[in-house]
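Just below is one structure, and these are the notes that go with it.
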Amino acid sequence: MDANWDHVILLSGDALRADHLSCHGYHRETTPILDELAAEGIHFTNAYSPSSHTREAVPALLTGEYPDVAIDSDYRLATDTVASTLSEEGYATGGFHSNPFVSRAYGFDQGFDTFDDDLHFGKHKLIALAQRALDKLRNRHYARADEINERSLSWIDSLDSDQSFFLWNHYMDTHGPYEPPGEYATLYRESGISERDAQSLYQRAIKDPDSITDEERQLLIDLYDAEIRYNDEKIGEFLDKLRERELLENSLLVFTADHGDAFGEHGYYEHPRYLHDEITHVPLLVRPPGGTSDVIETPVSTLDIVATIQDLVNGESEPSLLTPSYGDDHRVFSQASGENEHSHIRRYAIRSADGLCFCERDQETDSITFGDCTTRSLRDELEAHVEERVRVENGESESESDEVDEEIERRLSALGYKE
1 MDANWDHVIL
11 LSGDALRADH
21 LSCHGYHRET
31 TPILDELAAE
41 GIHFTNAYSP
51 SSHTREAVPA
61 LLTGEYPDVA
71 IDSDYRLATD
81 TVASTLSEEG
91 YATGGFHSNP
101 FVSRAYGFDQ
111 GFDTFDDDLH
121 FGKHKLIALA
131 QRALDKLRNR
141 HYARADEINE
151 RSLSWIDSLD
161 SDQSFFLWNH
171 YMDTHGPYEP
181 PGEYATLYRE
191 SGISERDAQS
201 LYQRAIKDPD
211 SITDEERQLL
221 IDLYDAEIRY
231 NDEKIGEFLD
241 KLRERELLEN
251 SLLVFTADHG
261 DAFGEHGYYE
271 HPRYLHDEIT
281 HVPLLVRPPG
291 GTSDVIETPV
301 STLDIVATIQ
311 DLVNGESEPS
321 LLTPSYGDDH
331 RVFSQASGEN
341 EHSHIRRYAI
351 RSADGLCFCE
361 RDQETDSITF
371 GDCTTRSLRD
381 ELEAHVEERV
391 RVENGESESE
401 SDEVDEEIER
411 RLSALGYKE
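Numbering (UniProt numbering), first residue to last: 1 to 419.
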């Protein structure tokens, strides 16, 4: 493993579940590029997100803190991100994505020199209105991977040749509604589907999962897998551009996801606020400069990514993900806050090599209800963890949230979050 490195590149997919990647044994070859990346890096086969949805998972990913620390009660960023840390160390910092939940409206531009969240407020009003009209006309609700690649590469090219940088690209292609572009639309099925029908089916799967037939479920999976294949190819193109610029070999490269998507396995679709494997088990590939080859089966958390980067910057000798020494007793915790009529519920999970355990805490009654638990020991550990998170929660201070721009509302509706 080469110890010389200058740059940190974090690539993340939205709603990308691990078991639909071919390097995780999926029956389709959905990720030939990521399979190659797994072979020349450290492949964590049992990596889990700290939460099951973007509003809590991405803040944890960027800060290395559990959601109850990373964000406030209004989902605004409440602590420093890795971008802030690296900026203080002299790195140029750039972030490129199009998810409204982690936009500048919620403070996620903090620490980034350049932060392109694909939203138009703050720009010239006429330009913003024209862009919104064009987006609606072409049914555009997020930036495709090729756009994210183009924007981030242009930013890299604008830097001085000796400037170290931190780059975060977050790809939305695998988030519903599943609308694979061009030839990908028929990659796993004979005929395509209109964008209107794709959006309608996705919305119905969320609102009325019992109405989805076996054929419609398979259609959703086919379209989802095609989106994965498209995203994989675009990531390959991005890596090729890094190689052309002779940047990959002196960069720490991390690929992961914020959460997964469900397809009816537990009676729901998409990624509601539960903690089952389908929506918390995510890919995690770490390629150090010069490459390496290792497979780690012990459960790990994407919280470890920030700690690894910070250890490298601070010159520590044993960063967690690059020199893994996890024992059988390593535990991984996840959490998710409820919403709507369940806003008083917090869900928690613990995973280890021995199994897993789930529980719910009712904030109104301060009671804990346990679900499936593999062992009594895991139940006791999860209960202790919940008690610790409650102490953290009680020490939290709330902050007021700014009104969310109407453009965010439009994007969220297209992505299935609004009526």
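Glycine included, C-beta positions come from ideal geometry on N, C-alpha and C.
Next item on the list: Specify whether the region 279 to 293 and the region 237 to 254 touch according to this definition: at least 3 beta carbon pairs, one from each stretch, less than 8 Å apart.
Entry: yes
Next item on the list: May I have the straight-line CA-CA distance separating Gly41 from Leu285, to the nearest angstrom?
Entry: 6 Å
Note to self: Across the region 220 to 237 and the region 151 to 166, are there enough close Cβ pairs to call them in contact, namely three or more that are closer than 8 Å?
What the structure shows: no
Checklist line | Distance between Tyr269 and Ser359 (C-alpha atoms, nearest Å) | finding: The identity of residue 359 in the sequence shown is Cys, whereas the question assumes Ser. Each residue's Cα considered, the two are about 21 Å apart.
Checklist line | Chain-order list of residues whose beta-carbon lies under 8 Å from that of His344 (same chain, five-residue window excluded) | finding: Taken in chain order, the residues that qualify are Gly338, Asp362, Gln363 and Glu364.
Notebook entry, point to check: Which residues mark the beginning and the end of the alpha helix (DSSP H) in which Val386 is found?
Noted result: Counting along the chain, the alpha helix (DSSP H) containing Val386 begins and ends at Arg376 to Asn394.
Next item on the list: Check Trp5 in the structure and name its three-state DSSP category.
Entry: coil
Check: Got a sec? Which residues, its chain only, sit under 6 Å from Ala92 by beta carbon, not counting five neighbours each side?
Finding: Cβ neighbours of Ala92 beyond the five flanking positions: Asp113, Leu159, Gln163 and Phe165.
Notebook entry, point to check: Measuring CB to CB, does Tyr75 end up less than 8 Å from Val332?
Noted result: no
Note to self: Quick check: Asp116 and Tyr142, are their CB atoms within less than 8 Å of each other?
What the structure shows: no
Note to self: Rounding to the nearest angstrom, what Cα-Cα distance links Arg379 and Ser334 in this structure?
What the structure shows: 14 Å
Next item on the list: Please say whether Ser12 and His259 have beta carbons closer to each other than 8 Å?
Entry: no
Notebook entry, point to check: Taking Cβ positions, are Asp14 and Thr54 nearer each other than 8 Å?
Noted result: A contact, by the Cβ cut-off of 8 Å.
Notebook entry, point to check: Any idea what DSSP makes of Thr114, helix, strand or coil?
Noted result: Of the three classes helix, strand and coil, the one that applies to Thr114 here is strand, per DSSP.
Item checked: With 16 other Cβ atoms within 10 Å as the buried cut-off, status of Ser98 -> buried
Check: Are there 16 or more other CB atoms within 10 angstroms of the CB of His271, so buried, or fewer, so exposed?
Finding: buried
Check: Which of the three DSSP states, helix, strand or coil, is assigned to Gln163?
Finding: coil
Notebook entry, point to check: So, Tyr26 versus Pro50, is the Cβ gap smaller than 8 Å?
Noted result: no
Next item on the list: Could you say which of Phe238, Ala226, Leu321 and Pro299 lies nearest to Ser22 if we only look at CA atoms?
Entry: Ala226
Next item on the list: Give the DSSP-derived three-state secondary structure of Gln203 in the structure shown.
Entry: Collapsing the DSSP output to three states places Gln203 in a helix.
Check: When you compare each of Arg245, Glu216 and Ala257 to Ser161 by their alpha carbons, which one comes out closest?
Finding: For the options Arg245, Glu216 and Ala257, the alpha carbon positioned closest to that of Ser161 is the one of Arg245.
Notebook entry, point to check: Which residues in the same chain have their Cβ closer than 7 Å to the Cβ of Asp304, if we skip the five residues on either side of it in sequence?
Noted result: Ser320 and Leu321
Next item on the list: Assuming Thr280 contacts Ser52 (C-beta within less than 8 Å), just tell me the rounded distance between them.
Entry: 5 Å
Margin query: Can you check which of these residues, Ser325, Ala39, Ser301 and Val392, is closest to Arg351 by C-alpha distance?
Written below: Ser301
Notebook entry, point to check: With DSSP run on the structure shown, which of helix, strand or coil describes Glu419?
Noted result: The predicted position of Glu419 is uncertain, since its pLDDT is 48 and thus under 50; a value taken from the coordinates is nonetheless stated next. Looking at Glu419 - three-state DSSP - the assignment turns out to be coil, as it is neither helix nor strand.
Notebook entry, point to check: DSSP on Asp146, reduced to helix/strand/coil?
Noted result: helix
Margin query: What residue range does the alpha helix (DSSP H) around Gly236 cover?
Written below: In this chain, the alpha helix (DSSP H) harbouring Gly236 covers Asp214 to Glu244.
Checklist line | Distance between Ser191 and Val82 (C-alpha atoms, nearest Å) | finding: Taking the straight line from one Cα to the other gives about 44 Å.
Item checked: For Asp210, the first and last residue of its enclosing alpha helix (DSSP H) -> For Asp210, there is no enclosing alpha helix (DSSP H), as DSSP gives it neither H nor E.
Note to self: Closest to residue 435 by C-alpha separation, out of Leu16, Val69, His175 and Ser325, would be which residue?
What the structure shows: The structure shown does not extend to residue 435, since the chain is modelled only from 1 to 419, so the question has no answer here.
Checklist line | Straight-line gap, Ile228 to Glu150 (C-alpha atoms, nearest Å) | finding: 19 Å
Check: Since Leu34 and Phe255 are thought to touch, with beta carbons under 8 Å apart, how far apart are those beta carbons, to the nearest angstrom?
Finding: 7 Å
Next item on the list: Go ahead and label Glu388 buried or exposed: buried means 16 or more other beta carbons lie within 10 angstroms of its beta carbon, across all protein chains shown.
Entry: exposed
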